[in-house]
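Visitor: A single structure is presented below for examination.
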Amino acid sequence: MVVDGVSKAFGTVQALVDVHVRVRAGEFLSLIGPSGCGKTTLLKTIAGLVAPDSGRVVVGGRTVEGPGRECSVVFQDFALLPWATVQKNAEFGLLLRGVPAAARAERARGMIAKVGLAGFEHAYPAQLSGGMQQRVGLARALAVNPQVLLMDEPFASIDEQTRRVFQDDLLQLWSEERKTVVLVTHSMEEAIYLSDRVVVLSPRPGRVHQVLDVPLPRPREGAGVRATAEFARLV
6 MVVDGVSKAF GTVQALVDVH VRVRAGEFLS LIGPSGCGKT TLLKTIAGLV
56 APDSGRVVVG GRTVEGPGRE CSVVFQDFAL LPWATVQKNA EFGLLLRGVP
106 AAARAERARG MIAKVGLAGF EHAYPAQLSG GMQQRVGLAR ALAVNPQVLL
156 MDEPFASIDE QTRRVFQDDL LQLWSEERKT VVLVTHSMEE AIYLSDRVVV
206 LSPRPGRVHQ VLDVPLPRPR EGAGVRATAE FARLV
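So for the sequence shown, the working numbering puts the first residue at 6; every next one is plus one.
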């Protein structure tokens, strides 16, 4: 995936200026920077939800000109259908793509189990905790088998203990699915713990200020990794 010279303004507010990022297939990359620096705008541009004023995004050899099959998004606010069960929410992207009922039900059930929600297929979002709702969002995003998984501060509404469990579960899923992941976060600790590289954006207008390699070995296991001198140095 390539972000090639992307700039974007909203009226008189310049959100992004000449952003260049190259993401390797199967890489876990985080975007970090101060509030208002354009992280979410960049993520939405990659997803095809926002059109750049100049530059382009290429995913899977295709210039992104709108939402496509290559990318799937996990939103900060969960974005679940409140009237639909966990099962139907997880199936939703497959339904939009015309996948037959039996096939989409089977695929969704498998992803629900992978995100740790087996047994909750018939529950509704209002019956779930924030962490569980975000797992439904992750199941829905992965069910469509995207090349690139885009995550917009997925842990922002989750308590610290649940967040760390979810981070470990996400890394396990990533190791199994081997999707390219681009994660937006405000937490350098989170970015370092999860990522192969971290792209640091400057204050608005957002530019690439720095790209940090994360040389920590994988698999990464919670407190053991966070207690190392190398982790402390990177954070």
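The C-beta atom is built at its ideal place from N, Cα and C for all residues, glycine as well.
Owing to the predicted nature of the structure, the values given are computational and were not obtained by experimental measurement.
Check the DSSP bridge columns for S35 and list the partner residues they point to.
Guide: Partner(s): L188, V203.
Visitor: Sorted by chain position, which residues of the same chain lie with C-beta nearer than 6 Å to A144's C-beta, five sequence neighbours on each side aside?
Guide: Shown here for A144: same chain residues with a beta carbon closer than 6 Å to its own, the five before and five after excluded, namely A95, M116, I117, V120 in chain order.
Visitor: Whole angstroms are fine: how far does the CA of A108 sit from the CA of E181?
Guide: 21 Å
Visitor: With a cut-off of 8 Å, do at least 3 Cβ pairs link the segment 217-227 to the segment 194-204?
Guide: yes
Visitor: Taking the beta strand (DSSP E) that S77 belongs to, which residues open and close that run?
Guide: 76-79
Visitor: For M6, which three-state DSSP category applies?
Guide: Three-state result, M6: coil.
Visitor: Checking the sheet assignment: what are the DSSP bridge partners for K13?
Guide: L21.
Visitor: Skipping 5 residues on each side, what residues in its chain have a beta carbon closer than 6 Å to that of F80?
Guide: D157
Visitor: Tell whether a beta-carbon distance below 8 Å holds between A20 and G43.
Guide: yes
Visitor: Can P130 and C76 be called in contact, C-beta distance under 8 Å?
Guide: no
Visitor: T68 by DSSP, collapsed to three states: which one?
Guide: strand
Visitor: Tell whether a beta-carbon distance below 8 Å holds between V64 and V11.
Guide: no
Visitor: From the DSSP secondary-structure annotation, give me the bridge partner or partners of M116.
Guide: According to DSSP, which records beta bridges pairwise, M116 is partnered with nothing at all.
Visitor: Return the CA-CA distance between G53 and V18, expressed in angstroms with no decimal places.
Guide: 20 Å
Visitor: L154 by DSSP, collapsed to three states: which one?
Guide: Strand, per DSSP.
Visitor: Please report the straight-line C-alpha distance between M6 and A196, rounded to a whole angstrom.
Guide: 19 Å
Visitor: Between L85 and the rest of its own chain, which residues show a CB-CB distance below 7 Å, the 5 nearest in sequence each way excluded?
Guide: N94, P130, Q138, V141, G142
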